[in-house]
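Colleague: Encoded as C-alpha cells, here's the structure I'll be asking about.
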Amino acid sequence: MLKAINDKGEEMVAYNKSPVQLEIIRQQPLYCPECQCEVILKAGAVTIPHFAHVTHSNCSSQKGEGEAHLKGKLDLYHWLRKQGIQAKLEHSLPSIQQRIDILIKLNRKYAAIEYQCSPISHEELMKRTLGIASKNIFPIWIFGDRYYPSKHAMIKWNTTLRTSVMYLPKIKQTKLFFYDSMKARFSIASDIYTHKSKAIAQLHHDALNRLKWKDLFQHRPLPQSILFKKWYIEKKYFRSSSRRFVSKYDEAYLKELYYLHLHPQSLPSCVHLPVKNAHRYLTPHYIWQTQVMLYIHQTPIYSKITWHEIRRISQKYFYHHIDSIYPGEFLHPAYDYLKLLVKIGYLEQLGYSTFKKVKEVYFPNTLDEALKEDQLLLEKLLKF
Ligand SMILES: [Zn+2]
-19 MLKAINDKGE EMVAYNKSPV QLEIIRQQPL YCPECQCEVI LKAGAVTIPH FAHVTHSNCS
41 SQKGEGEAHL KGKLDLYHWL RKQGIQAKLE HSLPSIQQRI DILIKLNRKY AAIEYQCSPI
101 SHEELMKRTL GIASKNIFPI WIFGDRYYPS KHAMIKWNTT LRTSVMYLPK IKQTKLFFYD
161 SMKARFSIAS DIYTHKSKAI AQLHHDALNR LKWKDLFQHR PLPQSILFKK WYIEKKYFRS
221 SSRRFVSKYD EAYLKELYYL HLHPQSLPSC VHLPVKNAHR YLTPHYIWQT QVMLYIHQTP
281 IYSKITWHEI RRISQKYFYH HIDSIYPGEF LHPAYDYLKL LVKIGYLEQL GYSTFKKVKE
341 VYFPNTLDEA LKEDQLLLEK LLKF
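First residue of the sequence shown: -19, per the working numbering; consecutive thereafter.
Now the structure itself:
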C-alpha cells in the first residue's frame, strides 16, 4: 500500500519522499488504514517506497500488491492529476471494508479506478464492484500485465474479463482497458467480438503519457475487414474435423449434429457468424446459430419468422450467462444474428420483431465448397 497512518492519525505517503524524509517516517509507529494493524515502511534502492503489514495478514489492502501494481497505480494517479482531474490515491470505504486504488471526481460525479494485476475471480470482482457502486461511485477496471492482449489483436478470454466488458450506450460500443506498468503502455480494446476462448477487438496501444482521459471513451470501431479476415480463419478451424479441444458443449453439439446426419463441414455458411455481446453467454454461439438456421431451413419460403419464436427456440442456449458488472440494456446476440441474416439475404425485415424468409438455406456438399461459401459470405458482409 502507498499510504499509512501514524499515531496522530495523519496520512503518510512515502513514494515521493527523500531518503531523509523516509527516515523520519520510518521512526514513527505506522498503521494500516484498513485494519489498523501495524505496518512498516519498505524502501529499497529499486522498489517504490511503500508500506506492508508486519505480520502475515488477510487484510484486503495487502492483496495483489506487487511492484507492477504499485507502479501502475502511481502512474495512473499522476497521469490523471497532470490532466487537472481531481484524484485521490487509496481511498478507504470503511463501511464496506474496501479500498479504492484511485478515486476521481469528474463533473460532480465520482469514479473509482481499480488497477487489477493479480488474478481475481469474477465473483470477487463482482462483489468489489457492487461495493463501490453502492457508494454511488462508478467503477472502472484497468487490467495489468497478466491480462494484457496479444500482438494479434486477440484477448485471451477469461470470465473475469468477460464480466468486466463495459458497454457505452452513447457510442454503442464495448470497451476493456489494460495497462502494462513496466512498459508504461495503455491499451484500449473496443468493439469486442467473442469466439470461445478468445476475443477479437479493435486494440489501440499507446504510451500512457500520450493519452488523455477522454481518449479512453472514444468511438473506435473494429474494421470489418479485420474482423472477417480473422473470422475466416476461425471458421476454417470450425469446419475441420480434428478438434484439439472438445468442451462439454461441443460434445453434446457434435452428437446432436450426428443424429441429424450433419457435421460442421456440411453446415451452411450462415452458421458461426460474429455477433455482438456473445461474451455474456457460455454456450458457444455456433450452437444456437445452428438451431436458428435449422428452424429457418424448415420454414417454408416467404413465410413469416418472428423474433418471439427465435427467442423461444434458442432460449435454453442463453441460460448459462455471465453476469456483467455493468447493468443496462444491450443488444441480444440472437437479434444481432437475425440482422446479419437480413444482410446476407436469407431474411427480409418487416418490422422490429417480424421477418420473412426470402432465400433457401444452402448446405454445401464438400469441405472445399463449404470454405468457398464461407469466403463469399464474409465478403458479402464486408460490403455492408
Ligand atoms: Zn491492513
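All C-beta atoms in this analysis are idealised placements derived from N, C-alpha and C, irrespective of residue type, glycine included.
Return the chain-ordered list of same chain residues with a C-beta closer than 6 Å to the C-beta of residue 15, the five sequence neighbours on each side being excluded.
Modeller: Contacts found: 39.
Colleague: Excluding the five sequence neighbours on either side, which residues of its own chain have a C-beta within less than 8 Å of the C-beta of residue 279, listed in chain order?
Modeller: Contacts found: 285 and 337.
Colleague: Thinking C-beta only, is residue -5 closer than 8 Å to residue 56?
Modeller: No; because the gap between Cβ atoms is not below 8 Å, this pair is not in contact.
Colleague: Nearest to residue 58 by CA position, among 32, 82, 73 and 78, is which residue?
Modeller: For the residues 32, 82, 73 and 78, the minimum Cα distance to residue 58 belongs to 82.
Colleague: Terminal residues of the continuous alpha helix (DSSP H) containing residue 106?
Modeller: Where residue 106 is concerned, the enclosing alpha helix (DSSP H) stretches over 102 to 113.
Colleague: By how many angstroms is the C-alpha of residue 153 removed from the C-alpha of residue 68?
Modeller: Using only the alpha carbons, I get a separation of about 29 Å.
Colleague: Taking the alpha-carbon of residue 308 as reference, which of -3, 11, 149 and 140 has the nearest alpha-carbon?
Modeller: Per the Cα distances, 149.
Colleague: Between the Cα of residue -14 and those of 122, 6, 274 and 246, spot the shortest distance and give me the residue it belongs to.
Modeller: When each option's Cα is compared against that of residue -14, the closest is 6.
Colleague: In three-state DSSP terms, what is residue 345?
Modeller: Looking at residue 345 - three-state DSSP - the assignment turns out to be coil, as it is neither helix nor strand.
Colleague: Pick out whichever of 196, 75 and 185 has its Cα sitting closest to the Cα of residue 112.
Modeller: Closest option to residue 112, Cα to Cα, is 75.
Colleague: Could you compute how far the alpha carbon of residue 298 sits from the alpha carbon of residue 140?
Modeller: Rounded to the nearest angstrom, the two C-alpha atoms are 19 Å apart.
Colleague: Measuring alpha carbon to alpha carbon, tell me which of 37, 64 and 142 ends up nearest residue 259.
Modeller: For residue 259, the nearest C-alpha among the options comes from 142.
Colleague: Taking only heavy atoms of ligand 1 into account, decide whether any of them is closer than 7 Å to the Cβ of residue 17.
Modeller: Yes, the Cβ of residue 17 comes within 7 Å of a heavy atom of ligand 1.
Colleague: Taking the CB atoms as reference points, tell me whether residue 173 and residue 207 lie closer together than 8 Å.
Modeller: Taking 8 Å as the Cβ cut-off, residue 173 and residue 207 qualify as a contacting pair.
Colleague: Span of the beta strand (DSSP E) holding residue -7?
Modeller: Looking at the DSSP string, the run of the beta strand (DSSP E) that includes residue -7 is -9 to -7.
Colleague: Heavy atom of ligand 1 less than 7 Å from the Cβ of residue 37, yes or no?
Modeller: Yes, since a heavy atom of ligand 1 falls inside the 7 Å radius drawn around the Cβ of residue 37.
Colleague: Does the count of Cβ pairs from the region 178 to 194 and the region 338 to 354 closer than 8 Å reach three?
Modeller: As far as the Cβ criterion goes, the region 178 to 194 does not touch the region 338 to 354, which means the pair count is below three.
Colleague: Hey, how far is the Cα of residue 261 from the Cα of residue 129?
Modeller: The straight-line gap from Cα to Cα measures roughly 21 Å.
Colleague: Hey, is residue 14 close to ligand 1, as in C-beta under 7 Å from one of its heavy atoms?
Modeller: Yes - ligand 1 has a heavy atom lying nearer than 7 Å to the Cβ of residue 14.
Colleague: I'd like to check one pair, residue 323 with residue 351: are the Cβ atoms closer than 8 Å?
Modeller: The answer is no: Cβ separation not under 8 Å.
Colleague: Kindly provide the ranges of any alpha helix (DSSP H) runs that are 4 or more residues long and lie completely inside the region 136 to 169, ordered along the chain.
Modeller: With a minimum length of 4 residues, the continuous alpha helix (DSSP H) runs that stay inside the region 136 to 169 are 139 to 144.
Colleague: Does the region 236 to 255 come close enough to the region 162 to 169 to have 3 or more Cβ pairs within less than 8 Å?
Modeller: Taking 8 Å as the limit for Cβ pairs, the verdict is that the region 162 to 169 does not touch the region 236 to 255.
Colleague: Buried or exposed, going by whether 16 or more other CB atoms sit within 10 Å of the CB of residue 256?
Modeller: Burial call: buried.
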